[in-house]
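Worksheet for the structure shown next.
2 protein chains.
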Amino acid sequence: MANGVPTPLGHYGPDAPVVLEQPLPREALPTPALVLQRSAFERNLTAMQSLVSGYGLGLRPHGKMHKCPEVARRQLAAGALGLCVAKPREAEVMARAGVGPLLVTSPVLAPQALDRMIALRVSGADLTLVVDSFTGIEALAQRAAQAGVVMPVLVDLDPAMGRTGVAPGPEALARVEAVVKAKGLAFHGFQHYAGQVQHIAEAGERQAACEAHHEAARGLVAATEAKGVPVAVFTGGGTGSVFYDGPAGLYTDLQCGSYAFMDQEYGVLEGPEGTLLDSFATALTVHSTAISQPREGAITVDAGLKSLWPSPLPAVLDLPGARYFFAGDEHGVVRFGDGGALALGERLRLRVSHCDPTVNLYDWLWVENDAEEIVEAWPIAARGGAW
Amino acid sequence: MANGVPTPLGHYGPDAPVVLEQPLPREALPTPALVLQRSAFERNLTAMQSLVSGYGLGLRPHGKMHKCPEVARRQLAAGALGLCVAKPREAEVMARAGVGPLLVTSPVLAPQALDRMIALRVSGADLTLVVDSFTGIEALAQRAAQAGVVMPVLVDLDPAMGRTGVAPGPEALARVEAVVKAKGLAFHGFQHYAGQVQHIAEAGERQAACEAHHEAARGLVAATEAKGVPVAVFTGGGTGSVFYDGPAGLYTDLQCGSYAFMDQEYGVLEGPEGTLLDSFATALTVHSTAISQPREGAITVDAGLKSLWPSPLPAVLDLPGARYFFAGDEHGVVRFGDGGALALGERLRLRVSHCDPTVNLYDWLWVENDAEEIVEAWPIAARGGAW
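As given, the protein sequences belong to chains A and B, one line each in that order.
For the first sequence, this note's numbering begins at -11 and goes up steadily by one.
For the second sequence, this note's numbering begins at -11 and goes up steadily by one.
In structure tokens, the structure reads:
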């Protein structure tokens, strides 16, 4: 590259946590700021790991939620068997930071993306890919054989979501056979993610929706093993379905992600005890400052659509009855309730709408201790909207 | 900082364009990718500069849209009188990259943010801030006087949008007087941005909505000058209102932003000739690859809510009749129309919903020449969701 400047293709930002020499009072943080309350986060890691271990399963948290190598390291230290990522770039960033084993949960199809995943495997990364088309199986197998590596793969199943994967029937079995025959591939099992059931509000209804997809999957596993092909891995599930996928006797590991930070979308769901916020705490907030007051009873804050994902609406913490509304890319309007007002220059904290796309808006995650001091900053190294 | 590692507060990524030694064919670009067609972009810069110059006004493009110093440099080279930014961090990044003069278009209120803007002014940046509260005027004036600098300020007016600013009447005049009296501040004029009129679809209705706010503003300018206070600057407007704010005899410069890249939101508006896409071309697209085909008549691509802003729906280019729908954070489903299908591994281009928050999702902007080759990559240096 010109003058030795790396292109974006080879550009990686910092991935190691920065420990502040002096703790920063919460009030000194520039806003809008993405803040992780460390003890709530660590409690969430322990709670999910215990829950999943109690089902006799492994936990393979989804790194697409946080895109942060330091969060991944702590999930692995808490007992996770590996990390899911959504795309090639995330796999590269995590591998570079020493995080693994890695599973890329979307099919990889573009030639350059396949080449990069092969290169990662050649470099020694413990990497598994998913496949769902003969085109994809062929393209991957050819490259793996050419590079002299064996790529572990899972066949991606579609539990009637219509996004990726194939139905758990003869179509899936045909893919298994193609993988088994391919020289550069090793069949490890199945991925089965029912994204459409994760946010069903009522617990019984969510349970029924989860279980509706289990029977066909069990049939496919039996049919695969009847052909003498062992199914070592059956991975899937999420924070909304863990209570029903866990005891199903189908999965070997679960891919929950949002439990680590939590958000408004998962927080309002019915759980085994009240809502999911009774099982996993709000560890992630956005801090915002009041900068203008165009009318009585409300105030304008400095966090809008570029720092908070729009839907569902973020929830105002610390100011009872107050409600946040978006007012464009850079601003929100907080309407006061019975619990008092916010003055110009004062701050508030918001529980975010959906943690995954909110975290994706930021370069850094500030880490707060129990004394409400910011003590570290963790790079969200795999963000950037890219490949 | 520990081990000399900079904290996020002091962390700046690359801000200079990278020229690729070898042009990259469009098809070799990793997806999802944010791509700027250079000639369309340059034509947009020329078209808007000519239009605004024709009204006898200055153009002060809004940098919140692109957050990219190289785009700003080209806007200035095309004749812009300066650049708007939305927040302190953007001002810091642009000043560091040598871009100016700068206007921060939101009131700055948090103590640390005020300190940083004073530091920027002390360092020699040609910087103007807006104020709308006595609290803000006092806090800024005190710091400016203490630092021995004079900070140019505009009083931010609210054309009934209810976000920031004060109504253009006695309240605004009282702020002018406070600014004039304050030792560390210099009153330069007014900012008047009617965001709520920018996206009214029908041209006549949009014109009427713009003009509805001009009369009160004219009265305020006259009242200010009647007190012997000159109004050197009256800035505001956007891509949707330029045709009506331009000839109003009120503004001294206009803050248009989206015209440079264009998007679906502005593209569908009625303009002086057909739609606004007849005045300004689609220079920005997201390229995405087909990775899975769970059903006939549609295909799943690798760009979802983390690489495309959700609303309004992005438009599929190059595949007539095809429509894009979101399928979660990482995926979209393209339903085919009469114009053919897309096969696994093939790519398509999408006109983005709203350019500002879409650009904010990416670290790099790829620049394409007329031969459909990628020739440069420009860092979106001021992004990151932060302060």
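Don't be surprised by glycine CBs; every beta carbon is placed ideally from N, CA and C.
CA-to-CA distance, residue j to residue i, given in whole angstroms
{"i": "glutamate 356(B)", "j": "cysteine 56(A)", "result": "31 Å"}
{"i": "arginine 104(B)", "j": "histidine -1(B)", "result": "14 Å"}
{"i": "alanine 142(A)", "j": "alanine 196(B)", "result": "It should be pointed out that residue 142(A) corresponds to leucine in this sequence rather than to alanine. Straight-line Cα distance between these residues: approximately 59 Å."}
{"i": "leucine 91(B)", "j": "isoleucine 368(B)", "result": "19 Å"}
{"i": "leucine 45(A)", "j": "aspartate 241(A)", "result": "5 Å"}
{"i": "arginine 323(A)", "j": "arginine 151(B)", "result": "12 Å"}
{"i": "glutamate 258(A)", "j": "glycine 225(A)", "result": "17 Å"}
{"i": "alanine 370(B)", "j": "proline 300(A)", "result": "27 Å"}
{"i": "valine 118(A)", "j": "threonine 93(A)", "result": "6 Å"}
{"i": "proline 89(A)", "j": "leucine 115(A)", "result": "6 Å"}
{"i": "methionine 53(B)", "j": "serine 38(B)", "result": "20 Å"}
{"i": "leucine 332(A)", "j": "lysine 215(B)", "result": "29 Å"}
{"i": "valine 256(B)", "j": "threonine 263(B)", "result": "6 Å"}
{"i": "proline -4(A)", "j": "tryptophan 375(A)", "result": "11 Å"}
{"i": "arginine 61(B)", "j": "proline 298(A)", "result": "32 Å"}
{"i": "serine 27(B)", "j": "alanine 107(A)", "result": "35 Å"}
{"i": "threonine 32(B)", "j": "alanine 269(B)", "result": "The question names threonine, but residue 32(B) is asparagine in the sequence shown. Rounded to whole angstroms, asparagine 32(B) to alanine 269(B) spans 7 Å at the Cα level."}
{"i": "glycine 237(B)", "j": "leucine 349(B)", "result": "37 Å"}
{"i": "glycine 328(B)", "j": "alanine 98(A)", "result": "20 Å"}
{"i": "threonine 123(B)", "j": "valine 289(A)", "result": "15 Å"}
{"i": "valine 6(B)", "j": "valine 59(B)", "result": "13 Å"}
{"i": "alanine 132(B)", "j": "serine 111(B)", "result": "13 Å"}
{"i": "tyrosine 254(A)", "j": "glycine 51(A)", "result": "17 Å"}
Within chain B, partners of residue i - CB distance below 7 Å
{"i": "glycine 262(A)", "result": "Near glycine 262(A) there are no residues of chain B at all, since even the closest Cβ is about 27 Å away, more than 7 Å."}
CB contact check: residue i to chain A, cutoff 8 Å
{"i": "serine 38(B)", "result": "no"}
{"i": "glutamine 100(B)", "result": "yes"}
{"i": "threonine 227(B)", "result": "no"}
{"i": "serine 94(B)", "result": "yes"}
{"i": "proline 156(B)", "result": "no"}
{"i": "alanine 129(B)", "result": "no"}
{"i": "threonine 277(B)", "result": "yes"}
{"i": "proline 345(B)", "result": "yes"}
{"i": "alanine 365(B)", "result": "yes"}
Contact set between residue i and chain A, taken where Cβ atoms lie within less than 8 Å
{"i": "serine 111(B)", "result": "Near serine 111(B) there are no residues of chain A at all, since even the closest Cβ is about 18 Å away, more than 8 Å."}
{"i": "glycine 183(B)", "result": "Gly316"}
Residue-chain proximity (residue i, chain B), Cβ-Cβ < 8 Å
{"i": "glutamine 281(A)", "result": "yes"}
{"i": "serine 295(A)", "result": "yes"}
{"i": "leucine 91(A)", "result": "no"}
{"i": "lysine 75(A)", "result": "yes"}
{"i": "aspartate 120(A)", "result": "yes"}
{"i": "glycine -2(A)", "result": "no"}
{"i": "proline 18(A)", "result": "yes"}
{"i": "alanine 21(A)", "result": "yes"}
{"i": "leucine 208(A)", "result": "no"}
{"i": "proline 302(A)", "result": "no"}
{"i": "lysine 215(A)", "result": "no"}
{"i": "lysine 171(A)", "result": "no"}
Residue i: contacting residues in chain B (beta-carbon distance under 8 Å)
{"i": "tyrosine 350(A)", "result": "Gly372, Gly373 and Ala374"}
{"i": "aspartate 146(A)", "result": "Pro282"}
Residue i, DSSP secondary structure in three states
{"i": "threonine 93(A)", "result": "coil"}
{"i": "threonine 288(A)", "result": "strand"}
{"i": "tyrosine 239(B)", "result": "coil"}
{"i": "phenylalanine 249(A)", "result": "coil"}
{"i": "leucine 305(B)", "result": "strand"}
{"i": "glycine 86(A)", "result": "coil"}
{"i": "alanine 365(A)", "result": "strand"}
{"i": "glutamate 356(A)", "result": "strand"}
{"i": "valine 73(A)", "result": "strand"}
Residues that DSSP places opposite residue i in a beta bridge
{"i": "valine 143(B)", "result": "Val119(B) and Phe178(B)"}
{"i": "glutamate 258(A)", "result": "Thr263(A)"}
{"i": "alanine 278(B)", "result": "Val289(B)"}
{"i": "arginine 62(A)", "result": "DSSP output for arginine 62(A) lists no bridge partner at all."}
{"i": "tyrosine 312(B)", "result": "Val322(B)"}
{"i": "threonine 273(B)", "result": "Val23(B) and Arg339(B)"}
{"i": "leucine 332(B)", "result": "Leucine 332(B) pairs with nothing; no bridge assigned."}
{"i": "threonine 223(B)", "result": "Gln179(B) and Asp241(B)"}
{"i": "valine 154(A)", "result": "Leu145(A)"}
{"i": "alanine 7(B)", "result": "The residue asked about is misnamed: residue 7(B) is valine in this sequence, not alanine. Per DSSP, Glu364(B)."}
Residue i: contacting residues in chain B (beta-carbon distance under 9 Å)
{"i": "histidine 180(A)", "result": "Near histidine 180(A) there are no residues of chain B at all, since even the closest Cβ is about 14 Å away, more than 9 Å."}
{"i": "glycine 150(A)", "result": "Pro282, Arg283, Ala286, Thr288, Ala315 and Val321"}
Minimum Cβ-Cβ distance from residue i to chain E less than 8 Å
{"i": "threonine 123(B)", "result": "Absence of chain E from the displayed structure is noted, the protein chains being A and B."}
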